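Numbering (the numbering used here), first residue to last: 2 to 261. Idealized CB from N, CA, C, for every residue including glycine. No experiment lies behind these values; they were computed from the predicted model shown. What follows is a single structure, written as structure tokens, with notes after it.
Structure (structure tokens):
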């Protein structure tokens, strides 16, 4: 039974084939493996700001779908709204969280707060605006925008975890390092979304943006500039992230026993 469950779980994330993550070969999610034939991208809630902030508003999926007579057509949108933090190409995991700050993996809220304070603290000095202010453990930027090959470097899961702990809800990049994309899905910390164009060249840190995800794709609206940008569908990875990661999703689907 254990082996069959694990085989099913492996279908949730894009296959890494036989090659390891490389900064020379960014991952682009042109397709996703199906979890099963009936899986659809129906998140459990609509989040209007980033995870972990006191101002977060959660609208239950049932309430969002109220008033629809056809539950099959009542696909709830996931919406993220807030300030964006803009980066460029090849942001590696040492810039996301320096190795010295990733000696232990957080297992409780206190440790999450500690790791959150180091989010994007390894960026070069020419980044004058800090993602997390010194002495704080939460960022005011709930959406991160990057260029190509976001998350290249090491395979440490601390990278998406520290971003999620600091309050990031979604990342919009042109492409991702394969292992970072998989870690983001497996941990359920952030939505790694792909843009169709170089949004990082047209947005600035501090712009107010909204991301709206649907079953077929998404839309990023920059309210500061008035421009809209299409996003690629995250496919079957969406429900895994929304559930809180691969193990939470597996328990929800009955693939592995519940902790209760």
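Check, Outcome
"Same chain only: Cβ atoms within 6 Å of residue 110, ignoring 5 sequence neighbours per side", "none"
"CB contact flag (residue 147, residue 88, <9 Å)", "yes"
"Stretch-stretch touch, CB-based, cutoff 8 Å, three pairs: the region 235-252 with the region 180-195", "yes"
"Identity of the residue in 253, 117, 143, 257 nearest residue 83 by Cα", "143"
"CA-to-CA distance, residue 226 to residue 189, given in whole angstroms", "30 Å"
"Helix, strand or coil at residue 232 according to DSSP, with G and I counted as helix", "strand"
"Pick from 176, 105, 133, 125 that is closest to residue 157, judged by C-alpha positions", "105"
"Local conformation of residue 169 per DSSP, three classes", "coil"
"Integer-rounded CB distance, given that residue 172 should sit under 8 Å from residue 149", "Not a contact, Cβ separation roughly 13 Å."
"Completely contained beta strand (DSSP E) runs for the region 170-200, where each covers 3 or more residues", "171-174, 192-195"
"Segment contact flag, the region 162-169 with the region 118-134, C-beta cutoff 8 Å, min 3 pairs", "yes"
"Limits of the unbroken alpha helix (DSSP H) element including residue 213", "Looking at the DSSP string, residue 213 is not in any alpha helix (DSSP H); the run it does join, the beta strand (DSSP E), is 209-214."
"Secondary structure of residue 142, DSSP reduced to three states", "strand"
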